[in-house]
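Numbering (full-length UniProt numbering), first residue to last: 1 to 388.
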């Protein structure tokens with residue numbers, strides 16, 4: 001499928017709404033985007049940006065303006081970007097950030113200015129519980145909780161009884177430790193050692209030796225992007241022979257390229273886009289996932305797609321679906337439109353996006369179920385679907 005065909009498919013979800021409002025004049029819709037296109041999280045932000053550059057130039061029949069800023073993987077810069085987008089550019093919605101610390105920091109400016117935000121992070125901490133500042137936040141990626149669920153189910157089915165944990169020393173690592181421990185306990189899997197590392201660390205030898213001394217059946221590395229290669233490579237170099245699990249945050253070509261033979265056989269939970277070609281034919285998101293993968297790879301090259309690109313691609317149909325309804329009561333550029341858009345983002349129903357099927361509500365600002373969670377393995381240098 002060509003890029004043109006992909007864009008045509010995206011536009012089709014807005015056709016009815018566009019016809020309904022075609023005789024009414026509206027202001028352009030402004031979408032403010034904050035991504036980590038440089039810094040430690042750049043491998044995530046760049047592919048998200050690539051997918052956004054494929055978005056159509058209209059949303060629900062209205063001309064759209066996309067303003068993309070780079071936060072350099074710095075939460076402080078993310079907040080400054082978002083304040084600029086809201087106060088100077090007067091955007092109707094914020095998309096991003098794509099790292100958890102930045103998304104949490106962004107809650108203050110979006111809530112203060114009552115501007116809805118669709119983040120691209122894994123942690124549910126930005127949307128749960130649905131009260132206070134968090135009512136203005138939505139999330140595209142499957143939650144760490146759902147990913148920990150599918151991972152521990154696979155571990156249990158394959159006789160893993162003890163696990164060593166090493167995760168980022170930040171809110172991403174905190175979220176994964178909490179969610180993994182919860183589901184591990186449910187499935188009678190014991191966490192026998194816990195270590196942390198920073199995204200910019202040059203060595204984790206000390207942590208790895210402590211993990212191996214506990215003699216776990218498997219080890220989980222809880223991080224995102226290329227910094228997660230370091231613990232895995234150190235484990236391999238030090239002779240760890242058990243299975244190594246990673247989180248859904250690794251699913252970028254750069255992880256495989258940097259990790260090489262050291263990451264072959266890595267087990268990880270993921271979303272449909274990453275393993276689209278090897279998904280079962282009856283998976284409900286396979287058609288949308290394959291359409292996006294085909295279009296993305298035609299634009300950016302073979303094996304270039306990532307989960308993060310898939311999440312970013314899903315923002316467009318989410319916006320199109322909600323904007324079409326919000327336009328019935330208010331015009332872009334107004335507080336009333338932002339409030340209406342926030343409400344309508346809560347009313348997605350069986351909306352198929354490349355990474356799953358979305359059903360949101362006032363209590364659920366993610367809307368993804370287990371149709372958005374699968375297990376994968378790195379096999380022959382590629383991300384591959386792995387049945388339970």
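Ideal Cβ placement from N, Cα and C applies to all residues, glycine included.
Here residue 142 is buried: its Cβ has 16 or more other Cβ atoms, across all protein chains shown, within 10 Å. Residue environment for residue 235: buried (at least 16 other C-beta atoms within 10 angstroms of its C-beta).
Closest by C-alpha distance to residue 194, out of 202, 203, 183, 173, is 173. For the pair residue 279 and residue 374, the CB atoms are nearer than the 9 Å cut-off. The C-beta distance from residue 225 to residue 252 rounds to 7 Å, short enough to fall under 8 Å. Taken atom to atom, the span from the alpha-carbon of residue 207 to that of residue 258 is near 21 Å.
Annotation: residue 58 to residue 64 spans about 5 Å, alpha carbon to alpha carbon.
Here DSSP, grouped into helix, strand and coil, assigns residue 231 to helix. In the DSSP assignment, residue 196 falls within the unbroken beta strand (DSSP E) covering 190-197. Judged by DSSP in its simplified three-state form, residue 140 adopts coil rather than helix or strand.
Apart from sequence neighbours up to five positions away, the residues of its chain that approach residue 348 with a beta-carbon distance below 8 Å are 318, 321, 322, 358, 359, 360, 367, ordered along the chain. Under the DSSP assignment, residue 211 falls in the alpha helix (DSSP H) whose first and last residues are 205-213.
Judged by their CB atoms, residue 34 and residue 97 are nearer to each other than the 9 Å cut-off. Rounded to the nearest angstrom, the gap between the Cα atoms of residue 162 and residue 260 is 27 Å.
With contacts defined by Cβ atoms closer than 9 Å, residue 198 and residue 222 do not form a contacting pair. In the DSSP assignment, residue 32 falls outside any alpha helix (DSSP H) and lies within the beta strand (DSSP E) extending over 29-35. A Cβ-Cβ distance of about 14 Å is found for the pair residue 48 and residue 100, leaving them out of contact under the 8 Å criterion. If you check the CB distance, residue 306 and residue 82 do not come in under 9 Å. With 16 or more other CB atoms across the displayed protein chains lying within 10 angstroms of its CB, residue 271 is buried. Here the C-alpha atom of residue 340 lies approximately 27 Å from the C-alpha atom of residue 308.
For residue 166, DSSP records a beta bridge to 195, 221. Across the structure, residue 343 and residue 159 are spaced so that their CA atoms are roughly 45 Å apart.
Sequence-distant Cβ neighbours of residue 111 in its own chain, meaning closer than 7 Å and more than five residues away, are 133, 136. Residue 69 sits buried, since 16 or more C-beta atoms from the chains shown fall within 10 Å of its C-beta.
Its chain contains 114 as the residues whose beta carbon lies nearer than 8 Å to that of residue 335, once the 5 sequence neighbours on both sides are disregarded; these appear in chain order.
In the structure shown, residue 384 falls within a strand segment according to DSSP collapsed to helix, strand and coil. With 16 or more other CB atoms across the displayed protein chains lying within 10 angstroms of its CB, residue 61 is buried.
The continuous stretches of beta strand (DSSP E) do not include residue 54, and DSSP gives it neither H nor E. Using a 10 angstroms sphere on the CB of residue 387, the tally of other CB atoms stays under 16, which defines it as exposed. Setting aside the 5 residues that flank it on each side, residue 362 is surrounded in the same chain by 346, each with a C-beta closer than 6 Å to its C-beta; the list follows chain order.
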